[in-house]
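Visitor:
Residue numbers (our numbering), protein chains in the order written: chain A, 8 to 948; chain B, 3 to 293.
Structure follows, in structure tokens:
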């Protein structure tokens with residue numbers, strides 16, 4: 008280590024190796040860092056990715072990031088223009104004037120890649136390092152990163168309690184409870200151990216076995232108990248109104264009676280109540296001495312019971328120190344063992360480890376047990392974990408489906424530790440705010456629109472697409488109230504700047520009060536300034552003095568931080584405040600002239616002796632020397648008028664005007680939309696058919712019930728029917744389906760089977776007897792083919808006009824005129840009953856179970872043609888043809904309508920006779936031009 | 003009777019829950035994953051109450067340890083016995099305080115119905131001893147306890163014939179309250195019922211703790227026994243209402259009070275009038291005997 012030299016921003020060479028720059032608050036540390044950043048870019052030609060900047064707190068990091076970026080911009084401008092007002096940049100530009108073009112390019116590059124600049128909080132840096140090394144380390148899969156170790160630490164302190172007190176004797180437990188020992192108390196001690204890993208504990212109990220300390224405590228207790236039981240009368244006689252030697256409570260009969268009562272409870276064989284043990288203190292010889300009446304000449308009562316109480320108290324205190332030492336020993340052994348066992352690490356561990364990694368030659372520490380999983384183990388791990396992940400997502404899906412989005416969202420946040428993870432990023436607050444905000448917006452949309460999973464996803468997609476301005480509640484939310492008054496601790500304010508600072512409570516004393524002995528921390532000069540805590544019970548005076556001095560020093564440092572936070576102005580309140588004698592301002596402003604004796608006592612005594620005038624006198628020179636920067640004034644009197652919120656009178660309330668536009672023509676429609684003008688998304692099923700006068704009752708399939716229910720049943724059978732099925736298989740299917748639809752009445756099964764047999768043998772083209780369904784393979788058919796395609800600007804008039812030009816039109820002008828659906832856009836949706844391939848051509852089939860009469864003659868070509876018109880099936884026929892045409896164009900290589908599209912077949916199931924193929928079915932093959940024109944119309948072209 | 007008492011314990015909550023059907027959700031505390039390491043707070047109080055009832059029923063508390071242990075409320079190991087011994091002692095001490103009032107001799111419950119103005123009040127007195135009503139609680143007596151006792155005390159008085167003993171005693175750990183018989187309870191009840199009726203239509207500015215300290219200080223001020231303090235009665239109420247950072251939380255943090263009175267000055271003239279109307283008649287006849 009070289010002797011320190013003053014640092015010069017422009018001149019000090021950027022030497023390799025470690026350099027330490029020491030600087031006080033307000034001297035421009037951040038400025039220096041940004042300047043060094045610029046120099047490294049310019050002089051060393053480093054990329055931003057190669058420069059690591061680490062600081063405290065998220066807030067300070069974002070500030071640093073901002074400042075560095077600004078510095079790069081300024082430097083770039085300086086090189087571009089060749090001049091700058093900033094001395095540092097002026098010098099830099101002058102030095103590299105010849106290469107200014109190149110330097111400018113370097114800075115420009117740095118700005119382009121600035122998002123990659125590793126400017127982090129310490130935790131963010133650790134997190135980043137782990138992420139970057141995820142595959143080498145396997146840490147992501149194997150070792151859990153725990154930000155809050157409370158639960159884990161709690162486990163250790165709980166276990167210690169269990170081991171030591173579950174089976175301890177009642178005396179020890181009573182004393183433990185009296186002192187307030189418990190897992191919580193041990194947890195506090197454990198935190199000290201983890202916060203200061205190298206802390207040393209000193210105590211008189213050191214070197215003594217806990218067993219002997221416990222035995223001593225129990226022994227002293229029994230001794231005192233024995234004496235109380237045998238000599239209570241004589242002990243009691245020492246107190247009361249007749250005893251002149253003592254102050255209260257010793258000279259008061261009632262108070263003492265209550266205490267004797269408590270002593271009885273203390274020393275009861277079976278009914279000891281631990282809260283009563285506190286009264287023992289009043290019978291200690293030392294305590295009697297303290298409470299002796301000053302003016303009384305009577306001697307203190309002498310009884311060995313009082314001495315025994317003293318000894319008992321000592322034994323209790325040293326036992327307390329002993330059990331704490333035992334706990335520290337236990338915890339120090341348990342901590343690493345349990346961490347290894349449970350495979351967890353804390354951020355704090357990362358710091359310790361990374362310290363080793365950074366100082367070591369090649370980051371060997373990164374390959375120790377912290378990261379120690381090789382690629383093979385990682386692969387195994389990933390495989391085993393894969394299913395767990397799948398299961399997890401399945402759970403989330405179920406939760407969302409059942410209870411809604413937000414419940415899933417919250418569980419997800421919690422279980423995946425999203426908060427912790429996001430907050431560890433440099434821009435963690437921003438990310439987390441966004442995520443939470445998004446969650447709220449989605450939840451609101453879900454609730455308002457009653458959306459399911461698919462609906463909500465669609466809604467989100469729509470929101471992301473939409474170009475109009477988002478409503479205010481969807482706009483980016485600010486993660487911090489930068490413009491609000493912020494109330495922060497001095498610790499939290501480190502590294503930050505505020506325009507105006509009000510600095511209060513800096514008059515906290517540096518004392519360690521009786522009862523706060525756990526705060527005796529100090530750095531022992533004898534041990535190389537190692538951190539030490541004195542567990543007592545008799546705390547060495549020099550330890551206490553040292554601890555108090557260090558406290559004062561820490562308070563001074565804190566005050567220094569607080570006073571240097573302000574950008575424009577700092578208000579600092581000070582005066583003769585009670586108890587402020589050992590505070591930092593007291594030491595700074597009113598140091599006693601000669602420091603003899605213990606520092607704090609002298610300080611306190613001096614402070615107490617000061618009048619207000621004297622204090623002002625101490626401060627005046629400060630103000631003078633500051634050249635007007637410091638102003639001393641009296642505290643303004645408070646106005647004493649409590650704040651009252653306005654009652655809002657005078658503001659006129661108004662209804663908000665709806666300014667949005669509701670898109671009413673956007674629908675998902677199907678064929679029935681055109682027919683009835685109502686949106687309909689279910690597969691269409693045939694209606695009852697045109698009413699006709701009831702004829703002679705039909706037989707077979709004619710007797711089969713009419714209506715949508717029967718239609719659905721038949722459709723379902725046809726969907727499931729194997730066209731090559733044996734008679735038995737067919738019968739089984741038919742009976743099953745009829746049963747399921749509640750249509751299993753006598754005769755139905757036979758009628759349906761007959762019909763199906765006829766259907767399978769029915770020539771689909773009148774001229775070809777061998778073109779039947781029974782010749783189709785299962786691989787050549789598609790059942791219930793669903794289609795879904797976008798349509799735009801479809802209005803009745805245009806559809807009428809187009810259909811009118813097609814060959815159908817002449818026969819049905821009246822029908823077409825009645826089309827009265829609302830103009831629509833959106834999607835057209837439907838289900839094609841059957842698509843099949845025969846001799847490389849594709850056919851579209853729609854089953855019709857319409858009842859046209861009870862005789863085969865009722866299903867003549869004319870009757871069927873008429874039915875097609877009446878029910879607007881001709882529209883369906885064309886729409887479905889377009890749909891299939893579009894589908895085939897996408898799926899069949901080299902698709903050509905003329906060559907591949909076979910036609911449309913509407914078998915009327917009740918009128919099928921294989922021997923009369925011209926009857927019972929409607930067949931069509933719309934001309935290519937009709938299909939193209941209809942496509943164009945639907946697409947809004 | 004119960005309803006009326008419940009109303010005065012928290013008029014805001016009564017209005018919200020009973021009238022508006024609005025119940026603020028209370029977060030159910032998560033189950034603790036650790037065994038009990040001590041027994042404190044509400045758990046300890048419940049155990050005290052339970053043991054007190056056993057004691058009053060003539061059972062020996064020594065035998066009860068096994069029973070309580072089996073319920074899993076006590077810490078494991080010897081610490082359980084130690085804690086039990088402590089609670090048992092608390093109960094024994096409290097029992098000694100209670101004994102002079104003959105707590106074991108409650109009379110059979112007595113059903114009553116009473117017409118006061120437009121109201122018909124009904125209920126049953128289950129805490130009557132030959133001397134009058136007896137309430138007890140192994141804890142400090144709070145204004146809510148007093149209000150419950152007060153409502154029952156008034157009704158008990160209203161349904162007694164002349165000469166029947168009708169005083170009420172409320173025993174707590176730190177004090178004993180004695181309510182003397184009220185010669186004319188009807189007008190007092192009418193006043194309470196008027197307030198009750200108003201409270202069904204709007205949130206009343208009646209907050210037991212704050213109203214009590216106000217009324218008590220106000221009475222002292224009226225009697226001229228202010229003592230050394232120059233603090234105005236309303237300041238006592240403000241302290242109770244707002245609480246402090248270092249002491250118990252203020253009454254304003256009660257979720258139902260906060261629901262209706264989160265802004266503005268809640269302790270105004272209405273508050274004062276109401277506190278006087280409810281508590282002055284009570285304080286008039288009562289006497290607190292402190293330990």
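Beta carbons are placed, not taken as given, at the ideal position from N, Cα and C, and that holds for glycine.
1. Which residues bound the beta strand (DSSP E) around residue 277 of chain A?
2. Which word fits residue 680 of chain A, buried or exposed, when buried means at least 16 other C-beta atoms lie within 10 angstroms of its C-beta?
3. Please report whether the beta-carbon of residue 78 of chain B lies at a distance below 7 Å from any beta-carbon of chain A.
4. Please tell me whether residue 426 of chain A has its Cβ less than 7 Å away from any Cβ of chain B.
5. Would you tell me roughly how many angstroms separate the C-alpha atoms of residue 903 of chain A and residue 896 of chain A, rounded to the nearest one?
6. Measuring straight from C-alpha to C-alpha, what distance separates residue 278 of chain B and residue 222 of chain B?
7. Please determine, among A:517, A:497 and A:122, the residue with the shortest C-alpha to C-alpha distance to residue 508 of chain A.
8. Cβ of residue 283 of chain B within 7 Å of Cβ of residue 190 of chain B?
9. Going by other Cβ atoms of all chains shown within 10 Å of its Cβ, with 16 needed for buried, is residue 534 of chain A buried or exposed?
10. Report yes or no: is there a C-beta of chain A within less than 7 Å of the C-beta of residue 42 of chain B?
11. When you compare the stretch 190-197 of chain A with the stretch 157-168 of chain A, are there three or more beta-carbon pairs, one atom per stretch, that lie closer than 8 Å?
12. For residue 144 of chain A, count neighbouring Cβ atoms within 10 angstroms of its own Cβ and tell me buried if that reaches 16, exposed if not.
13. To the nearest angstrom, how far is the alpha carbon of residue 206 of chain A from that of residue 542 of chain A?
14. Taking Cβ-Cβ distances shorter than 8 Å, what residues in chain A pair up with residue 71 of chain B?
15. For residue 205 of chain B, count neighbouring Cβ atoms within 10 angstroms of its own Cβ and tell me buried if that reaches 16, exposed if not.
16. Cβ of residue 264 of chain B less than 7 Å from any chain A Cβ?
17. By the 10 Å Cβ neighbour count, where 16 or more other Cβ atoms means buried, how is residue 765 of chain A classified, buried or exposed?
18. Would you tell me roughly how many angstroms separate the C-alpha atoms of residue 30 of chain A and residue 114 of chain A, rounded to the nearest one?
19. Using 8 Å as the Cβ pair cut-off and three pairs as the minimum, do the stretch 306-326 of chain A and the stretch 283-296 of chain A touch?
20. The beta strand (DSSP E) with residue 673 of chain A in it runs from where to where?
21. For chain A, find out if any of its Cβ atoms is closer than 7 Å to the Cβ of residue 88 of chain B; answer yes or no.
22. Which word fits residue 181 of chain A, buried or exposed, when buried means at least 16 other C-beta atoms lie within 10 angstroms of its C-beta?
23. Any C-beta of chain B sitting closer than 7 Å to the C-beta of residue 189 of chain A?
24. If we cut at 7 Å on Cβ distances, does residue 273 of chain B have a partner in chain A?
25. Please state if the CB of residue 831 of chain A and the CB of residue 674 of chain A are separated by a distance shorter than 7 Å.
26. At a Cβ threshold of 7 Å, is residue 173 of chain A touching chain B?
27. What residues from chain A crowd round residue 234 of chain B, counting only those whose CB sits closer than 7 Å?
28. Decide yes or no for the touch test of the stretch 536-555 of chain A against the stretch 211-218 of chain A: beta carbon pairs closer than 8 Å, at least 3 of them.
29. Output, in chain order, the set of chain B residues within a Cβ distance shorter than 7 Å of residue 589 of chain A.
30. When Cβ atoms are compared, which residues of the stretch 276-303 of chain A fall closer than 7 Å to chain B?
31. Throw me the rounded Cβ distance for the residue 134 of chain B and residue 170 of chain B pair, which I believe falls under 8 Å.
32. In whole angstroms, what separates the C-alpha of residue 589 of chain A from that of residue 604 of chain A?
33. From residue 226 of chain A to residue 594 of chain A, what distance separates their C-alpha atoms?
34. Look at the Cβ atom of residue 223 of chain A, then the Cβ atom of residue 322 of chain A, and state whether they are nearer than 7 Å.
35. Give me, in chain order, the residues of the same chain whose beta-carbon lies closer than 7 Å to that of residue 198 of chain B; leave out the 5 immediate sequence neighbours on both sides.
36. What does residue 84 of chain B touch in chain A if you count any residue whose Cβ is under 7 Å from its own?
Guide: Looking at the coordinates:
1. No beta strand (DSSP E) contains residue 277 of chain A, which DSSP labels as neither H nor E.
2. buried
3. yes
4. no
5. 8 Å
6. 12 Å
7. A:497
8. yes
9. exposed
10. no
11. yes
12. Confidence at residue 144 of chain A is low in this model, with a pLDDT of 48, below 50, so the placement of that residue should be treated as unreliable; the coordinate-derived value is given next. Per the 10 Å Cβ criterion, buried.
13. 12 Å
14. Residues of chain A passing the Cβ test: none, with the nearest at roughly 13 Å.
15. buried
16. no
17. buried
18. 27 Å
19. yes
20. 673-676
21. yes
22. buried
23. yes
24. no
25. yes
26. yes
27. Under the 7 Å cutoff, chain A gives no residues; its nearest Cβ is about 14 Å from residue 234 of chain B.
28. yes
29. Result: empty, since nearest Cβ-Cβ is about 22 Å, beyond 7 Å.
30. 278, 279, 280, 281 and 282
31. 5 Å
32. 14 Å
33. 48 Å
34. yes
35. 6 and 9
36. 177, 180, 181, 184 and 281
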